[in-house]
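Peer 1: Residue numbers (the numbering used here): -12 to 181.
Even for Gly, the Cβ is constructed at its ideal location relative to N, Cα and C.
Just so you know, these numbers come straight off a predicted model, no measurement behind them.
Sharing a structure with you now.
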């Protein structure tokens, strides 16, 4: 007699739940309705308690949604193009994720500047790590930490400016290209400060 063992795939179930919630959140943001836990749970076809078990707040949902979108962006680095272009490509892609979704942009910005929620702090830290990874990969080996830190600060500053009104996300992406060109040396020059 054979024994059948069913394995519990917690990661697969979590990924499935996240896809449902992220899809529902994106649909709600396309409309004019207010987003609430009960409305999001209904859209995702799950009980509000189940939603809260995976995401302690709406803010965490939107922070995780932005993180998901950033991590699914391609990270194909073409070694034949210059460092500044590689970095600009990555920063532009992350900025333009929010360009066509103003409600998501507002929610994400509010979440990313929030300092009073430990759950959001964890997601914000993971977003920062992903931004750092993408910039670092685009810079390549040998870049000084100061250059990486400067580019990170410039990126976050551009997102904040785009959200607070001085410029659109598309303008921020263009401005990032200019700033990267000023920060990252031209081809043949190392990325070390003098």
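For a minimum of 4 consecutive residues, which ranges assigned as the alpha helix (DSSP H) are wholly contained in the segment 23 to 107?
Peer 2: Runs found: 24 to 30, 35 to 41, 45 to 58, 70 to 83, 89 to 100.
Peer 1: Just curious, the alpha helix (DSSP H) that residue 144 is in, first and last residue?
Peer 2: The count along the chain shown starts at 1 and reaches residue 144 at position 157. Where residue 144 is concerned, the enclosing alpha helix (DSSP H) stretches over 132 to 151.
Peer 1: Report the CB separation of residue 159 from residue 146 in whole angstroms; it is logged as a contact under 8 Å.
Peer 2: Within the chain shown, numbered from 1, the residue matching residue 159 stands at position 172. Within the chain shown, numbered from 1, the residue matching residue 146 stands at position 159. Indeed they touch by this definition, with Cβ atoms about 7 Å apart.
Peer 1: By the three-class DSSP mapping on this structure, what secondary structure does residue 171 have?
Peer 2: Taking the chain shown and counting its residues from 1, the one referred to as residue 171 is at position 184. Residue 171 falls in the coil class under three-state DSSP.
Peer 1: Between residue 64 and the rest of its own chain, which residues show a CB-CB distance below 7 Å, the 5 nearest in sequence each way excluded?
Peer 2: Against the chain shown, residue 64 aligns to sequence position 77. Counting only Cβ-Cβ distances below 7 Å, and skipping sequence neighbours, we find 73, 124, 125.
Peer 1: Using C-beta distances below 8 Å, list every residue in its chain close to residue 113, excluding the 5 sequence neighbours before and after it, in chain order.
Peer 2: Taking the chain shown and counting its residues from 1, the one referred to as residue 113 is at position 126. 54, listed in sequence order.
Peer 1: Residues in its own chain within less than 7 Å of residue 88 by CB, not counting five upstream and five downstream?
Peer 2: Along the chain shown, one-based indexing puts residue 88 at 101. Only 16 meet the Cβ criterion.
Peer 1: Counting Cβ pairs, one atom from each stretch, are 3 or more of them under 8 Å apart for the segment 38 to 52 and the segment 74 to 86?
Peer 2: Too few Cβ pairs lie closer than 8 Å, so no.
Peer 1: Express the C-alpha separation of residue 49 and residue 91 in angstroms, rounding to a whole number.
Peer 2: As a working note, residue 91 is residue 104 in the chain shown. As a working note, residue 49 is residue 62 in the chain shown. So the two alpha carbons sit approximately 7 Å from each other.
Peer 1: State the Cα-Cα distance for the pair residue 180 and residue 71, rounded to the nearest angstrom.
Peer 2: By one-based count along the chain shown, residue 180 stands at place 193. By one-based count along the chain shown, residue 71 stands at place 84. Here residue 180 scores only 47 on pLDDT, less than 50, and its place in the model is too uncertain to base an answer on.
Peer 1: Give the single residue among 101, 167, 109, 32 whose Cα lies nearest to the Cα of residue 137.
Peer 2: Looking up residue 137 in the chain shown gives position 150. The shortest C-alpha separation from residue 137 is found at 167.
Peer 1: Nearest CA to the CA of residue 152: which residue from 134, 12, 96, 18?
Peer 2: Sequence index remark: in the chain shown, residue 152 carries index 165 (1-based). When only C-alpha atoms are compared, the closest one is 96.
Peer 1: Does the distance from the C-beta atom of residue 106 to that of residue 156 stay below 8 Å?
Peer 2: Your numbering for residue 106 matches position 119 in the chain shown. Your numbering for residue 156 matches position 169 in the chain shown. No, the pair does not count as a contact, with Cβ atoms beyond the cut-off.
Peer 1: Does the Cβ-Cβ distance between residue 11 and residue 34 come in under 8 Å?
Peer 2: On the chain shown, position 24 is the one that residue 11 refers to. On the chain shown, position 47 is the one that residue 34 refers to. No, Cβ-Cβ distance for residue 11 and residue 34 is not below 8 Å.
Peer 1: If you draw a straight line from the C-alpha of residue 7 to the C-alpha of residue 148, how long is it?
Peer 2: Position 20 of the chain shown holds residue 7. Position 161 of the chain shown holds residue 148. Residue 7 and residue 148: Cα-Cα distance of roughly 31 Å.
Peer 1: Compute the distance between the beta-carbons of residue 94 and residue 60, then report whether it is under 8 Å.
Peer 2: Position 107 of the chain shown, counted from the first residue, corresponds to residue 94. Position 73 of the chain shown, counted from the first residue, corresponds to residue 60. Not in contact: residue 94 and residue 60 (Cβ atoms no closer than 8 Å).
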